[in-house]
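Visitor:
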Amino acid sequence: MKNNSNKITFTYVLILLIVAVISHKIVSNYSSVSNTETLLKYSYLKDLILILFSSFVFKYILYRNDKKNKSIFEKLKETNIEIIESKERYDIVAKATSDTIWDWKIETDSFIWNKGIQEVFGYKNEDVGKTSNWWFERIHPEDSLKMSVKLYSFLEQKTEKWQDEYRFQCADGSYKYVFDRGFLVKDKEGKPIRMIGAIQDVTKEKEEEQRLRLLETVITQTKDAVMITDIDTSEHVIPNIIFVNSAFTDMTGYCAEEVVGKSPTMFFGAKSDILEFDKLKTAIQEYRECFVETISYKKDNTEFWANFSMIPVTNKDGEHSHWISIQRDVTEEKEKEKEREQLIRELTQNNKDLKQFSYITSHNLRAPLSNLTGLLNLVDDIEIQDPELKEIITGFTKSTHLLNETINDLVKVVIIKDNPSIDKEKVLIKEIFENVFNQLSYLISLHKPILKIDLEEITILNINKSYLESIFLNLLTNSIKYRSDSRQLKVNIFSKVENNQLILLFKDNGIGIDLERNKDKIFGLYQRFHNHPDSKGLGLYLVKSQVEAMGGTIAVESEIDRGTTFTITFKHN
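Counting from 49, one number per residue, gives the positions in the sequence shown under the numbering used here.
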């Protein structure tokens, strides 16, 4: 403005000087011929004309200056409005994109960040650095070198544009994946003086990308066949296929090009289960998960059993987008299942036959054995002089007695196996053992074992009294029967309750059992571990059968020439 006023003043003075000079010339010409009065009038007239002329000139100059100033003001006003609108658009865009905007003045290495650096990465305003070093220091070490090389190549104008993905550190020390894009501002000589960029948080997209890549690997590498269909059921009740993996090709013989765009109904045929097909159709109509097992057909028309699921998949908006199906060829399993069912039927029938045989055998042998026993009792009353005949009759009597015991034991086994719902009652363990002790009083007085009995006053529910008595009788008899000849027999029998379980222990110092050789045979039928003349191999089998029939378990620990311990466990109510 000062410059304009100087110009106006200079122009005005210059015009007045010109007018003064011209007036002076005129007055000088008239002074020689006119008198004083005329000259005076002319002088007044000249001054008046000069004043009027100068005012018109001055007004004209001011008018032109005002017009010019008004034009400049209007342009400045428009420019100011454009700047305000541009700033508003910048703020709106920055908020809408959630980008972190940065402005780097390269010559002074000064950095300016918008509010995104606080909102996206959690930095406080006072923690944000003002130089490029602060930016570079927060780039992940594994990404820093690659990013720096690309950036400086762009600054040296070796590349046309710069954009990069890297990990940027947050205020809490964690890292976010970001996508950064920058633009250069150059001076008149083309030298970069400024760079403006926008950082976008792409962590969720990156994680989703990694998840999808992992799922793609699973789908392509899995041995199960995978089929993906769309959701359009306008042409077929089962939507068309859009993807199959290589395992699907291996299973069906169809390559992807042969099935994509077609409905999975192409795999159903004459022997396919129509009920399974209807179940699948209904599930698809109701957009719910479905599992189907039916006969399918391969490309060469070979039948195979297919087990597959149809699972609805939704997008991030919760809208149903497609179906995914996991399929397996279960033909081999089906064949094995048939074989297993056939084997079960055969075993069931064999078991029935064996039971029937046992009943028949025990029934048919009892009458002859009773007759033999009666005859032998009569023979006992006859005095026999011949020693050989006496020995024969004695052996025959013993064999008959053993055969009778064997049949009785077999009958017990059949009864146990054939009657899982045995009679159970409330019993006192101590009373059961007293009955057993009375039955074995002769053997106990004969061999004089050291008995340590510690049976608490424990009442146990849901126990078969006869079975429990038989168990005690067998175990105590075995301890006496398989005692060691080199030391006095010691038998410890005690009970305890732990964790709502009743535990019974029978421990002796007898000849023991070789568990390394016979561990799997201990409770087997007709298994003998010693050459004892009275050993029949039925006692422990009966014990285990009776324990399990009452819902208990039995375990054994034994060492040769050290003794044996049986542990019986029942649920204590």
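In this text, a Cβ means the ideal position worked out from N, Cα and C, and glycines have one as well.
To the nearest angstrom, how far is the alpha carbon of Phe159 from that of Asp280?
Guide: So the alpha carbons of these two residues sit roughly 54 Å apart.
Visitor: Compute the Euclidean distance between the alpha carbons of Glu431 and Leu437, then round it to the nearest angstrom.
Guide: 11 Å
Visitor: Shortest alpha-carbon distance to Asp502 belongs to which of Ile551, Arg535, Ser201 and Asp212?
Guide: If we check each option's Cα against that of Asp502, Ile551 comes out closest.
Visitor: With distance defined between alpha-carbon atoms, name the residue in Val307, Arg336 and Thr330 nearest to Lys346.
Guide: Val307
Visitor: Once DSSP output is grouped into helix, strand and coil, what is the label at Thr148?
Guide: strand
Visitor: With H, G and I counted as helix, E and B as strand and the rest as coil, what does DSSP make of Phe316?
Guide: coil
Visitor: Measuring straight from C-alpha to C-alpha, what distance separates Ser534 and Pro497?
Guide: In a straight line, the C-alpha of Ser534 is about 13 Å away from that of Pro497.
Visitor: Could you confirm whether any beta carbon from chain B is found closer than 8 Å to the beta carbon of Leu552?
Guide: Among the chains of the structure shown, chain B does not appear; only one protein chain is present.
Visitor: Please list the terminal residues of the continuous alpha helix (DSSP H) segment that includes Glu25.
Guide: A question about residue 25 goes unanswered here, because the residues of the chain that appear run from 49 up to 621.
Visitor: I need the boundaries of the beta strand (DSSP E) containing Gly625, first residue and last residue.
Guide: Past the boundaries of the shown model lies residue 625; the chain is included only from 49 to 621, so the question cannot be answered.
Visitor: Checking 8 Å against the spacing of the C-beta atoms, do Lys209 and Phe169 come in under that value?
Guide: no
Visitor: Per DSSP, what are the beta-bridge partners of His370 in this structure?
Guide: According to DSSP, residue pairing for His370 in a beta bridge involves Val361.
Visitor: Between the C-alpha atoms of Glu185 and Thr300, what's the straight-line distance to the nearest angstrom?
Guide: A direct Cα-to-Cα measurement between Glu185 and Thr300 gives close to 56 Å.
Visitor: What residue ranges within the stretch 459 to 539 form continuous beta strand (DSSP E) runs of no fewer than 3 residues, ordered along the chain?
Guide: 473 to 476, 498 to 502 and 507 to 511
Visitor: Less than 8 Å between the beta carbons of Ile290 and Asp151, yes or no?
Guide: 8 Å or more divides the Cβ of Ile290 from the Cβ of Asp151.
Visitor: Mapping the DSSP letters down to three states, classify Gly600 as helix, strand or coil.
Guide: coil
Visitor: Using only the alpha-carbon positions, how far apart do Leu491 and Phe618 sit?
Guide: 29 Å
Visitor: For Glu394 and Lys386, what's the separation of their Cα atoms in angstroms?
Guide: 12 Å
Visitor: May I ask you to list the residues that DSSP assigns as paired with Cys338?
Guide: Met358, per the DSSP bridge assignment.
Visitor: Taking the DSSP output, what are the residues bridged to Glu552?
Guide: In the sequence as displayed, the identity of residue 552 is Leu instead of Glu. For Leu552, which the question treats as bridged, DSSP gives the partners Ser543 and Ile616.
Visitor: Taking Glu482 as the reference, which of Leu524, Gln217, Thr297 and His495 has the closest Cα?
Guide: Leu524
Visitor: Going along the chain, which residues of its own chain have a beta-carbon closer than 8 Å to the beta-carbon of Glu337, five neighbours each way excluded?
Guide: Counting only Cβ-Cβ distances below 8 Å, and skipping sequence neighbours, we find Ala331, Ser357, Met358, Ile359 and Pro360.
Visitor: In the DSSP assignment, find the unbroken beta strand (DSSP E) run with Arg242 in it and report its ends.
Guide: Pro240 to Asp249
Visitor: Does the stretch 606 to 617 touch the stretch 551 to 561, meaning 3 or more C-beta pairs lie closer than 8 Å?
Guide: Counting Cβ pairs under 8 Å, three or more are found: they touch.
Visitor: Using DSSP's beta-bridge definition, name the partner residues of Val274.
Guide: Ile374.
Visitor: In terms of alpha-carbon separation, which member of Ala354, Ala304, Gly309 and Glu305 lies closest to Lys319?
Guide: Ala354
Visitor: According to DSSP, is Arg393 helix, strand or coil?
Guide: helix
Visitor: Mind checking which residues open and close the beta strand (DSSP E) that includes Phe216?
Guide: Trp210 to Gln217
Visitor: Are the CB atoms of Lys478 and Glu505 nearer to each other than 8 Å?
Guide: The answer is yes: Cβ separation under 8 Å.
Visitor: Going along the chain, which residues of its own chain have a beta-carbon closer than 6 Å to the beta-carbon of Glu41, five neighbours each way excluded?
Guide: Here the chain has residues from 49 to 621 only, and residue 41 is not among them.
Visitor: Could you give the first and the last residue of the continuous alpha helix (DSSP H) run that contains Ser294?
Guide: Ser294 to Thr300
Visitor: Beta-carbon within less than 6 Å of Ser82's beta-carbon, same chain only, minus the 5 sequence neighbours each way: which residues are those?
Guide: Its pLDDT being 48, under 50, Ser82 is placed unreliably by the model, and nothing is read from it.
Visitor: Quick one: using the 10 Å Cβ neighbour count with 16 as the cut-off for buried, is Asn293 buried or exposed?
Guide: buried
Visitor: Report buried or exposed for Tyr24, applying the criterion of at least 16 other Cβ atoms within 10 angstroms of its Cβ.
Guide: Any answer about residue 24 is impossible in this case: the structure gives the chain only from 49 up to 621.
Visitor: Between Tyr530, Ala597 and Asn349, which lies nearest to Thr613 when the distance is taken from Cα to Cα?
Guide: Tyr530
Visitor: Please look up how many angstroms separate the CB atoms of Asp622 and Gln248, rounded, as I've assumed it's under 8 Å.
Guide: No answer is possible for residue 622: it lies beyond the span of the chain, which begins at 49 and ends at 621.
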